[in-house]
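Below is one structure; the comments refer to it alone.
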Amino acid sequence: MGGRRDPAAIRAGKVGAAFRSRERIWGQPHPRSANPSTLRDGEPGAWDSPQILSQFLRIPREKGQGDRCVAPIGLLSRGARLAGIDGRMSMVDTEVMFQHYLGGSSVGPGGRESRREWMERIVGAAMVLPAVSSVPVWADSTSGKSERTRWSMPGLYPGRVIAVHDSRSIVEGRYQREPVQEMIRRGMMELTGAPDWVAAWRTFFQPGEVVGIKLNPVSLPYVISAPEVVREIIAGLGAAGIVYKDIVVYDRYKSQFLEAGFDKWVPEGVRSSWATDYVDNTQQKIAGYDPEHWMDMQLTLPGYSFENERARRSYAAQFITKQVDKLVNLCLLKHHQSAGVTIALKNLSHGLVNNVSRSHSSAMLNACGAFIPASVSTPVIRNKTVLHICDAVQGLWHGGPVMRKEAAKFVWEPKRMYFSTDPVAMDKIGWEELDRKRVSVGMKPLAEAPMDEFSRFVRMQPEHVDIAGALGLGVADRAKIDLREFRIA
0 MGGRRDPAAI
10 RAGKVGAAFR
20 SRERIWGQPH
30 PRSANPSTLR
40 DGEPGAWDSP
50 QILSQFLRIP
60 REKGQGDRCV
70 APIGLLSRGA
80 RLAGIDGRMS
90 MVDTEVMFQH
100 YLGGSSVGPG
110 GRESRREWME
120 RIVGAAMVLP
130 AVSSVPVWAD
140 STSGKSERTR
150 WSMPGLYPGR
160 VIAVHDSRSI
170 VEGRYQREPV
180 QEMIRRGMME
190 LTGAPDWVAA
200 WRTFFQPGEV
210 VGIKLNPVSL
220 PYVISAPEVV
230 REIIAGLGAA
240 GIVYKDIVVY
250 DRYKSQFLEA
260 GFDKWVPEGV
270 RSSWATDYVD
280 NTQQKIAGYD
290 PEHWMDMQLT
300 LPGYSFENER
310 ARRSYAAQFI
320 TKQVDKLVNL
330 CLLKHHQSAG
340 VTIALKNLSH
350 GLVNNVSRSH
360 SSAMLNACGA
370 FIPASVSTPV
380 IRNKTVLHIC
390 DAVQGLWHGG
400 PVMRKEAAKF
410 VWEPKRMYFS
420 TDPVAMDKIG
430 WEELDRKRVS
440 VGMKPLAEAP
450 MDEFSRFVRM
460 QPEHVDIAGA
470 LGLGVADRAK
480 IDLREFRIA
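Letter 404 of the sequence shown, counting from 1, is numbered 403 in numbering that gives the first Met the number 0, and no numbers are missing.
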């Protein structure tokens with residue numbers, strides 16, 4: 000990379016010029032953007048401010064190695080773009096830069112450069128480093144052609160969430176068909192403003208389209224997709240003119256699909272599908288997935304190289320890329336040990352792509368906060384998923400999602416269903432519901448809860464909901480969410 004450069008010289012060169020036009024980087028001017036050197040350490044817009052430092056991921060020192068760091072993704076890529084570099088640089092180069100700071104340099108007053116000077120030097124390096132590696136600088140990227148429509152996320156009604164409660168919906172642990180039917184028909188009418196339930200379904204679906212329904216079997220046998228709910232969704236699609244052979248019920252694994260018994264009660268003529276009929280512990284096999292549609296993130300299972308595309312990519316299932324035109328996301332209201340909540344977003348992120356184990360491979364290596372919104376941003380998922388229905392007749396407020404018998408005590412009956420075209424707003428409301436239940440029994444809210452016998456990750460990451468909002472997948476600001484609640488009976 001060459002010798003160390005004087006931070007003052009860098010400030011006088013390209014970096015200073017680039018950051019003097021701060022609005023080119025952050026999209027907003029700063030009162031003193033004409034002279035960034037006057038910004039104090041830690042001040043918004045300064046090189047060491049939280050907005051900038053939060054984009055760096057430190058990997059702990061291992062025996063015999065220096066400190067390693069995944070490329071300072073956001074800032075380096077911005078600097079590279081400003082300098083005309085095409086978004087690629089060497090992992091070795093980024094290691095050298097970080098060792099220079101983290102190992103302690105003798106630059107600047109007191110024998111160590113300030114954080115602001117270090118950040119300036121790092122960005123300067125990004126502007127002059129050669130493009131010598133095949134490892135992308137981007138934190139994540141997506142690929143795949145998919146037409147964006149008016150139904151694409153966040154859909155026809157961003158921020159709108161309909162909640163329907165019916166005390167008759169479940170009796171002694173068994174769903175009741177007629178109350179569930181009434182809840183779904185009422186919810187669809189209130190979501191769309193349609194005069195009747197048939198018109199409500201026709202708002203989203205037209206004859207000739209192939210429509211998928213994403214099920215959820217993970218917390219079997221306690222909290223899984225219920226036949227009473229699925230059959231009414233199929234009835235709604237039929238009322239919209241979708242013939243049975245053009246309706247496809249799906250989950251990722253054939254083994255779980257069959258174990259949950261979904262095949263036993265799906266109406267005759269409705270098709271079943273799954274991504275894989277094999278067990279793959281690394282989850283990196285491509286059979287059943289589409290190599291043209293993927294999310295690339297600099298995150299792998301331990302021991303795999305970033306140079307390995309399959310290790311750092313998650314490919315979309317052929318079900319969503321080739322088999323259906325639109326998707327109904329039938330999710331559940333559940334706690335998740337690493338993600339905090341598994342409702343609409345996670346039902347998509349971990350059900351429609353492969354290589355998901357890397358997002359939560361150990362109690363410490365938890366990246367669900369970033370992985371979930373990045374996966375759902377894959378164009379084919381974002382554009383084809385047009386309706387989200389959350390079955391909260393039953394819910395799971397702790398110990399999820401894969402349940403052992405001792406966790407059955409955390410199942411409860413909210414007796415609700417939620418309807419939205421916006422998965423972020425839906426998850427925000429569901430998150431509130433889970434926290435309300437947890438606090439009522441003396442537990443901490445999800446974002447504050449420590450690990451325990453039934454939740455074994457060091458910290459849950461429900462913030463994936465807000466990050467998804469920042470990516471434009473929906474509305475995360477609670478003040479802007481339009482929750483409309485209705486009670487039947």
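Ideal Cβ placement from N, Cα and C applies to all residues, glycine included. Remember, it's a predicted structure, so these values are computed and weren't measured experimentally.
Residue interval of the alpha helix (DSSP H) (run including residue i)
i	result
K427	P422 to S439
H463	H463 to A469
N382	P378 to K383
K507	With the chain covering only 0 through 488, there is no way to say anything about residue 507.
L257	K253 to E258
V197	W196 to R201
C-alpha gap between residue i and residue j, whole angstroms
i	j	result
E181	P372	32 Å
A238	R201	8 Å
F18	A225	For F18, the predicted structure reports a pLDDT of 33, less than 50, and the residue's modelled location is therefore unreliable. The matter cannot be settled from this model.
R357	P290	19 Å
Q310	N365	At residue 310 the sequence reads Ala, which differs from the Gln that was named. Each residue's Cα considered, the two are about 16 Å apart.
R312	A369	14 Å
H508	C389	Residue 508 is absent from the model: the chain starts at 0 and stops at 488.
S142	K345	20 Å
K427	E267	36 Å
I241	V327	13 Å
R381	L236	20 Å
M363	L219	26 Å
M442	M425	23 Å
A478	A469	15 Å
L386	T275	24 Å
E171	H397	21 Å
H349	A475	20 Å
N353	P153	23 Å
K414	G399	19 Å
I58	P178	Because I58 sits at a pLDDT of 33, beneath the cut-off of 50, its placement in the model cannot be relied upon, and the point is left open.
E208	W150	14 Å
A391	V464	18 Å
P444	G302	34 Å
Y277	Y288	13 Å
K253	A259	10 Å
A488	M416	14 Å
L482	Y156	12 Å
E452	K436	19 Å
Y221	A338	20 Å
R173	V228	12 Å
According to DSSP, residues forming a beta bridge with residue i
i	result
Y174	I169
V248	I212 and S271
F485	V163
P411	The displayed chain sequence assigns Trp, not Pro, to residue 411. Paired residues: G394.
G506	Any answer about residue 506 is impossible in this case: the structure gives the chain only from 0 up to 488.
H359	N365
I388	L329 and F418
Y288	A316
E222	Position check: residue 222 holds Val in this sequence, whereas Glu was assumed. The partner list for V222 (beta bridge, DSSP) reads S218.
S454	D451
V352	A315
Closest by C-alpha distance to residue i, when choosing among the options
i	options	result
R184	P449, D195, K345 and G268	D195
F456	C367, A407, R435 and R312	C367
S271	Q322, G172, F409 and Q205	Q322
C330	K284, I223, R167 and V401	I223
Q255	N215, F409 and L298	N215
E231	S337, Y314, N280 and I212	I212
R147	H349, P378, R403 and P444	P378
M187	V170, T420, V474 and V438	T420
Q531	E308, Y303, L257 and A286	No statement about residue 531 is possible, as the shown extent of the chain runs from 0 to 488 and does not include it.
A343	A406, F418, L298 and D279	F418
V269	A234, D279, L300 and W430	A234
T299	V247, S360, E258 and K414	S360
V210	P178, I246, S151 and D434	I246
Y249	I319, K144, F203 and F204	I319
K244	F453, G158, F409 and P206	P206
I480	Y174, A198, V197 and G429	G429
Segment limits, beta strand (DSSP E) that includes residue i
i	result
S418	One detail in the question is off: residue 418 reads as Phe in this sequence, not Ser. Where F418 is concerned, the enclosing beta strand (DSSP E) stretches over R415 to S419.
A316	R312 to A316
Given 8 Å, three or more beta-carbon pairs between the segment 374-387 and the segment 290-309: yes
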